[in-house]
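Notes follow once the structure below has been shown.
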Amino acid sequence: MTDPGPLPIRRLDKSLINRIAAGEIITRPVSALKEILENALDAGATSIRVTVKDGGLKLLQIQDNGCGIRNADLPILAERFTTSKLSTFSDLSRLCTYGFRGEALASISHVSRLSIVTKTTTDAHAWKASYLNGCLSAQKPGEAPEPKPCAGNNGTAITIEDLFYNIPTRLSALRNTSEEYARILDLLTRYAVHNPKVSFSCKKIGSPSPDMSTPSASETIHVIRLLYGHSVTKELLEEKLSSEGLQKEHNSDSGPETLHSEEWTAETFFTNPNHQAKKMTFLLFINHRLVESARMKRAIESVYNAILPKGTFPFVYLSLMIDPRAVDVNVHPTKREVHFLNEDAIIEAISSALSCKLASHGQSRAFEYQKLLTGGVADSESLNSKSRKGKAKDTGQTPPVDETASTEGENQGKIYSHHKVRTSGQDRTLDSMFPVVNPARVAPPRLASRDADVTPSTQPKDIKESDCSLSSIKSLRHNLVKGRHGYLSEMMEKHTFVGIVSLDHCLSLIQHSTKLYLVNHARLAEELFYQLGLRQFGDISRLKLEPPPSLRSLIEIAVQAEESAKSCGMDTAQIVDRIVCLLMSKREMFSEYFSLDISVSGMVESLPLLLREYTPNLDNLPNFLMRLGPQVEWESETECFDTFLRELAFFYGAGSPLTESEEAQVKAERWQIQHVLFPAARRYLLGSKSLLDRDIILVANLPDLYKVFERC
1 MTDPGPLPIR RLDKSLINRI AAGEIITRPV SALKEILENA LDAGATSIRV TVKDGGLKLL
61 QIQDNGCGIR NADLPILAER FTTSKLSTFS DLSRLCTYGF RGEALASISH VSRLSIVTKT
121 TTDAHAWKAS YLNGCLSAQK PGEAPEPKPC AGNNGTAITI EDLFYNIPTR LSALRNTSEE
181 YARILDLLTR YAVHNPKVSF SCKKIGSPSP DMSTPSASET IHVIRLLYGH SVTKELLEEK
241 LSSEGLQKEH NSDSGPETLH SEEWTAETFF TNPNHQAKKM TFLLFINHRL VESARMKRAI
301 ESVYNAILPK GTFPFVYLSL MIDPRAVDVN VHPTKREVHF LNEDAIIEAI SSALSCKLAS
361 HGQSRAFEYQ KLLTGGVADS ESLNSKSRKG KAKDTGQTPP VDETASTEGE NQGKIYSHHK
421 VRTSGQDRTL DSMFPVVNPA RVAPPRLASR DADVTPSTQP KDIKESDCSL SSIKSLRHNL
481 VKGRHGYLSE MMEKHTFVGI VSLDHCLSLI QHSTKLYLVN HARLAEELFY QLGLRQFGDI
541 SRLKLEPPPS LRSLIEIAVQ AEESAKSCGM DTAQIVDRIV CLLMSKREMF SEYFSLDISV
601 SGMVESLPLL LREYTPNLDN LPNFLMRLGP QVEWESETEC FDTFLRELAF FYGAGSPLTE
661 SEEAQVKAER WQIQHVLFPA ARRYLLGSKS LLDRDIILVA NLPDLYKVFE RC
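1 is the number of the first residue of the sequence shown in UniProt numbering; add one for each residue after it.
As C-alpha cells, this is what we get:
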C-alpha cells in the first residue's frame with residue numbers, strides 16, 4: 001500500500017470562514033443578546049426592552065432608545081470587522097466601550113435572519129434593513145435589498161429570527177427553551193444591577209406582563225431588592241475601596257512592602273453571615289464589562305468558608321474599575337474573560353477588605369423567626385396535621401381539630417385555645433379608635449365631583465362581568481383565571497380586617513384562620529382595580545369632572561415634573577404635543593371601552609369609575625394621562641388593553657403623600673381602605689402569585705405563639 005502523502009492545503013471559502021467564526025461567538029441565544037445589549041448600552045440607551053419566543057430560538061427582539069444608526073452605515077453594518085469604536089491597534093489600550101471588533105451583527109447574520117429598524121434624532125423617519133450572511137437582503141421577494149423608510153422611534157430595534165436555522169446540530173442541542181429563557185433573564189438581571197439608571201424589561205411573546213422589569217434612574221441597592229428580593233437586601237453590606245486609599249493606609253503602618261502603583265477603584269455589595277444560599281451568586285464587572293474570574297471567585301469563597309455553614313454561599317456584586325491601559329479585553333471571542341495587571345494584588349486587597357468588613361459587623365449568625373409566604377402555608381399546615389395525627393395514634397390521645405376545617409354534624413374532639421379563630425365582627429379593629437364618616441362628606445375630591453347618579457350606599461352593588469366578544473379581552477380574562485392562586489384567593493375571600501399599620505408605607509394587617517398577615521394594600525389595590533377594569537371592560541361607570549380640566553394643561557404639569565423628560569432630546573412643548581395628539585386620536589376608543597371622555601376641544605369630561613364609594617387621588621391625574629402616551633403598547637390590541645388597564649389600576653391604587661396636619665384627609669383615606677378597598681377585595685379579587693413575592697407576609701401564627709409561651 002503506497003503512502004498517499006500529505007494532503008494539500010486549501011483556502012477555505014469566505015462564507016465557511018464567516019460561519020465558523022459566527023459559531024465561536026454566538027453559541028446560544030443569550031450570546032446574541034449579550035452582544036446587542038452591550039451595543040445598546042454603548043449607544044447611550046436608557047430603556048432596553050427584550051421580547052423572546054421559544055427561548056430566543058424562534059425570535060429575539062431587542063429595542064432601545066439609544067442614538068440609533070446612520071442610514072449611510074446600514075450597507076456595511078453586518079460585515080465583519082466594521083466598527084465605530086476602533087481605528088488603530090493602539091485604540092485597544094484606551095478602550096472604554098463594550099464592543100470593538102465589529103463581529104457581533106456579522107456573526108448573528110450568518111446563523112439567523114436579522115432585521116434592524118433604526119432612527120437617529122436627526123432623521124425624519126426610521127429605516128428598516130434585513131441581512132443574511134453579512135449582506136443586505138431583500139425584505140420581500142422581488143424587492144431591492146436597500147434599506148426602506150418606515151415608522152419608528154428614536155433608537156434601534158434588532159430582531160433575530162430562526163436562530164441556528166442553518167446549523168441543525170447546534171439547534172438540536174438547544175431544544176430546552178425554558179433553560180435558554182432562564183439564561184436570558186439571568187443576563188438581563190446582572191446588567192440591570194450594574195446599570196440602575198437604565199430601565200430593563202423582558203417578556204415572552206403573548207405574556208400579559210414582563211417577567212423582569214426595572215425602573216430607570218434608580219439606585220443599585222433598589223434594583224437588587226427588586227430582582228433578588230428583600231431577603232438578600234436586608235443582609236447586604238457595602239464597601240468602596242481604591243488603590244489610593246489602601247496605599248495610604250499601608251504606608252501609615254510603616255511596613256517594608258508597598259502596593260502596586262496602578263490606580264483602581266472597586267464598589268461591592270455582599271451579604272453578611274445571616275444570608276445563606278445553596279448556590280453562590282457572583283456578579284463581577286470589570287470596567288463595566290460582565291466577565292468571569294475563577295481566581296476572584298475562589299478568593300471570595302475562601303473569605304466566607306470560615307463563617308458560613310458547609311454547602312451555603314453568599315451573594316456578591318463587585319464592580320471593579322481599572323485603568324484601560326492595564327486591561328487586555330481581546331483575549332476571548334465573546335469578551336467573557338479579561339486579563340489585567342497586578343491581578344494577584346487586587347484580588348488580595350478586595351478579599352482583605354471584605355474580611356475586615358464582615359469582622360467589624362460580627363461573624364456570628366443571628367437566627368430569626370422565619371416569615372413564611374402564603375404559598376408555603378398550606379404545606380406546613382398539612383405537615384403539622386399529619387404529625388399531630390401520628391402522635392395521637394402512638395399515644396392514644398385525640399388530636400386537636402382546627403375549627404375552620406371541621407364540618408357541621410361531624411364528631412369533633414377537644415378544640416384547644418390556640419386553634420380557635422376569632423369570627424365575631426363586634427370585636428374592635430385598630431382603626432375603630434379613629435372613627436370617621438363617609439369620606440365623600442369629609443374630603444371631596446379636588447378638581448372634580450361625583451356623577452349625579454353615584455350616591456353613597458352601605459351595601460355596594462354587585463359588579464357584574466360585562467359581555468364582550470373581543471378575543472383579546474377573553475384571552476386576558478382567561479389568563480387571569482388560569483394564574484389564580486388558590487390559597488391566596490381563599491385567604492382574601494375569608495379574611496378579617498385587623499387595621500392599618502402605616503399609611504406612608506401602605507401596610508395593613510389582616511387575619512385568616514389562626515394567622516396574621518402583613519399586606520401591602522397599595523399593591524393589593526393596584527391588582528384589584530386591574531381586575532375590576534377587566535371585569536367591567538366596555539361597561540364602566542363614569543366619574544364626571546366639573547368643570548372639565550384641559551388635557552393639554554394636565555399633561556404639561558406632568559411633563560414639567562418628570563425628570564426623565566429633560567434628557568430625552570425634545571423640549572416640553574414637543575413632548576406635550578406628541579402625547580396630546582396621540583390621546584386625541586384615541587379618544588373614541590377611550591370613551592367606548594374605558595368611559596374616559598375627552599371632548600373635541602381637548603377637555604377631560606369624565607374618568608372611569610371602577611368602584612363606587614372609591615375616589616382615586618386626582619392629584620395623580622396629570623401623571624396618569626401623561627403615562628398613557630409612552631407606557632401603553634398601541635401596536636397590539638391585547639397588549640394595548642392590558643397596559644392601559646395596568647396604568648388605570650396604578651392611577652387608582654396610588655395614594656397621596658399626606659401629612660399629619662391633613663387630619664381629615666388621613667381619616668378619609670383610612671376609612672376608604674378599610675370600608676371600601678378590603679371589602680371589594682374580599683368579593684372580587686383573584687389571588688395572583690405576583691402578590692406573594694413581597695406584598696403579603698405571614699407575621700404570626702397562633703399555634704407557634706403558644707409554643708413560644710410554653711417554653712418560657
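Glycine included, each C-beta is placed from N, C-alpha and C at the ideal position.
With 16 other CB atoms within 10 Å as the buried threshold, where does residue i fall?
{"i": "Arg190", "result": "buried"}
{"i": "Gly311", "result": "exposed"}
{"i": "Leu308", "result": "buried"}
{"i": "Ile9", "result": "exposed"}
{"i": "Ser508", "result": "buried"}
{"i": "His275", "result": "buried"}
{"i": "Glu588", "result": "exposed"}
{"i": "Ala151", "result": "exposed"}
{"i": "Gln531", "result": "buried"}
{"i": "Pro547", "result": "exposed"}
{"i": "Gln536", "result": "buried"}
{"i": "Glu663", "result": "exposed"}
{"i": "Ala378", "result": "Residue placement at Ala378 cannot be trusted, given a pLDDT of 41 that sits under 50; the coordinates are not used to answer."}
{"i": "Glu592", "result": "exposed"}
{"i": "Gly155", "result": "buried"}
{"i": "Lys515", "result": "buried"}
{"i": "Pro679", "result": "exposed"}
{"i": "Asn39", "result": "buried"}
For residue i, which residues from the same chain have a beta carbon less than 6 Å from its beta carbon, with the 5 sequence-adjacent residues on both sides left out?
{"i": "Leu320", "result": "Ala266 and Ile286"}
{"i": "Ala353", "result": "Glu239 and Leu241"}
{"i": "Ser218", "result": "Pro196"}
{"i": "Leu582", "result": "Gly629"}
If you reduce the DSSP assignment to three classes, tell me which class residue i lands in.
{"i": "Thr268", "result": "strand"}
{"i": "Glu663", "result": "helix"}
{"i": "Arg484", "result": "strand"}
{"i": "Val198", "result": "coil"}
{"i": "Asn620", "result": "helix"}
{"i": "Phe282", "result": "strand"}
{"i": "Ser471", "result": "helix"}
{"i": "Glu238", "result": "strand"}
{"i": "Thr46", "result": "coil"}
{"i": "Phe340", "result": "strand"}
{"i": "Pro630", "result": "helix"}
{"i": "Met570", "result": "coil"}
{"i": "Ile555", "result": "helix"}
{"i": "Cys67", "result": "coil"}
{"i": "Pro8", "result": "coil"}
{"i": "Arg289", "result": "strand"}
Residue i: which of the options sits nearest, CA to CA?
{"i": "Val111", "options": "Leu686, Arg646, Phe164 and Ile510", "result": "Phe164"}
{"i": "Leu621", "options": "Ala299, Cys640 and Pro549", "result": "Pro549"}
{"i": "Leu677", "options": "Ile500, Ile26 and Asn71", "result": "Ile500"}
{"i": "Met75", "options": "Glu38, Ala138, Cys640 and Thr122", "result": "The identity of residue 75 in the sequence shown is Pro, whereas the question assumes Met. Comparing Cα-Cα distances from Pro75 to each of Glu38, Ala138, Cys640 and Thr122, the minimum goes to Ala138."}
{"i": "Asp695", "options": "Ser595, Leu645, Arg523 and Leu702", "result": "Arg523"}
{"i": "Asp73", "options": "Lys58, Lys53 and Lys119", "result": "Lys119"}
{"i": "Thr169", "options": "Val481, Tyr517, Arg28 and Ala525", "result": "Arg28"}
{"i": "Tyr517", "options": "Trp127, Phe270, Leu692 and Lys279", "result": "Leu692"}
{"i": "Asn617", "options": "Phe651, Asp642, Glu647 and Asp13", "result": "Phe651"}
{"i": "Val52", "options": "Thr177, Met603 and Glu563", "result": "Thr177"}
{"i": "Thr528", "options": "Ser585, Ser690 and Ala124", "result": "Looking at the sequence itself, residue 528 is Leu, so the reference to Thr does not match. Considering only alpha carbons, the answer is Ser690."}
{"i": "Leu474", "options": "Phe641, Ser513 and Asp504", "result": "It is worth fixing the name first, because residue 474 is Lys in this sequence and not Leu. Of the listed residues, the one whose Cα sits closest to Lys474 is Phe641."}
Excluding sequence positions up to five away, which residues of its chain have a Cβ less than 7 Å from the Cβ of residue i?
{"i": "Met492", "result": "Ala681, Arg682, Leu685 and Gly687"}
{"i": "Val193", "result": "Thr220, Val223, Ile224, Leu227, Leu283 and Tyr317"}
{"i": "Ile346", "result": "Trp264"}
{"i": "Glu79", "result": "Ala106 and Gly134"}
Round the Cβ separation of residue i and residue j to the nearest angstrom and send it over; I've been treating them as touching at under 8 Å.
{"i": "Leu290", "j": "Asn195", "result": "Going by Cβ atoms, the distance from Leu290 to Asn195 rounds to 10 Å, so no, they are not a contact pair."}
{"i": "Asp105", "j": "Ile62", "result": "Here the sequence assigns Leu to residue 105, which means Asp is not the residue at that position. Not really, about 12 Å apart at Cβ, beyond 8 Å."}
{"i": "Glu526", "j": "Gly653", "result": "4 Å"}
{"i": "Ala129", "j": "Leu136", "result": "6 Å"}
{"i": "Phe270", "j": "Phe200", "result": "That pair is no contact at about 23 Å."}
Once the 5 residues before and after residue i are set aside, which same chain residues still bring their CB inside 8 Å of it?
{"i": "Ala45", "result": "Asp64, Asn65, Gly66, Gly155 and Val198"}
{"i": "Arg484", "result": "Leu686, Gly687 and Ser688"}
{"i": "Glu348", "result": "Ala299"}
{"i": "Pro608", "result": "Gly533, Ile540, Ser541, Arg542, Leu543, Phe594, Ser595, Leu596 and Leu648"}
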